[in-house]
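The UniProt record's numbering puts the first residue of the sequence shown at 1, with every later residue one more than the last. Beneath this line is the structure, given in structure tokens, with notes to follow.
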Amino acid sequence: MRATLFDLERTIRQRRQADPSQSYVAKLTAKGRGKIAQKVGEEAVETVIAAMASDRDGAIGESADLLFHLMVLLADLDIALDEVLDELDRREGVSGIAEKASRKAD
Ligand SMILES: N=c1c2ncn([C@@H]3O[C@H](COP(=O)(O)OP(=O)(O)OP(=O)(O)O)[C@@H](O)[C@H]3O)c2ncn1[C@@H]1O[C@H](COP(=O)(O)O)[C@@H](O)[C@H]1O
Numbered sequence: 001m002r003a004t005l006f007d008l009e010r011t012i013r014q015r016r017q018a019d020p021s022q023s024y025v026a027k028l029t030a031k032g033r034g035k036i037a038q039k040v041g042e043e044a045v046e047t048v049i050a051a052m053a054s055d056r057d058g059a060i061g062e063s064a065d066l067l068f069h070l071m072v073l074l075a076d077l078d079i080a081l082d083e084v085l086d087e088l089d090r091r092e093g094v095s096g097i098a099e100k101a102s103r104k105a106d
């Protein structure tokens, strides 16, 4: 069975309260939001580096690290994955070009 981001969200929320010596999520969470955010930034940069090197396997691995750390950051902010997906739903069918043009008209 394929794991979903919702499964990962549930695991991360459970592991936040775990023993930091036994759980990476708990250990990172204990270091504070600044450290979690820093990890998201690092993984984003590593994803970009892999992409620019046309390193397909590297981009897959770094993208997984990026998604995981973003999910840890969302949990720390008490933002549910559903809230982010709701925002994407809201944007569905709205061209990014048209949306940007409407902002310039303001
Ligand atoms: N998906 C992941 C996942 N992806 C990456 N990582 C860890 O993220 C860490 C990032 O590695 P880095 O080398 O960048 O960071 P670091 O050296 O540990 O930290 P610093 O150098 O920044 O101090 C590694 O320890 C990876 O193992 C993950 N750790 C956990 N998960 C999921 O989270 C669940 C709960 O994990 P625990 O909290 O550890 O039980 C696991 O069952 C997995 O499903």
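Beta carbons: idealized from backbone N, C-alpha and C, even for Gly.
Remark: the C-beta of Ala64 is in contact range of ligand 1, defined as less than 7 Å to any heavy atom.
The criterion of a C-beta distance shorter than 8 Å is not satisfied by Ala64 and Ala51. A distance below 8 Å separates the beta carbons of Ser23 and Arg15. A direct Cα-Cα distance of roughly 15 Å separates Thr11 from Asp82.
Relative to ligand 1, Phe6 has its C-beta separated by 7 Å or more from all heavy atoms.
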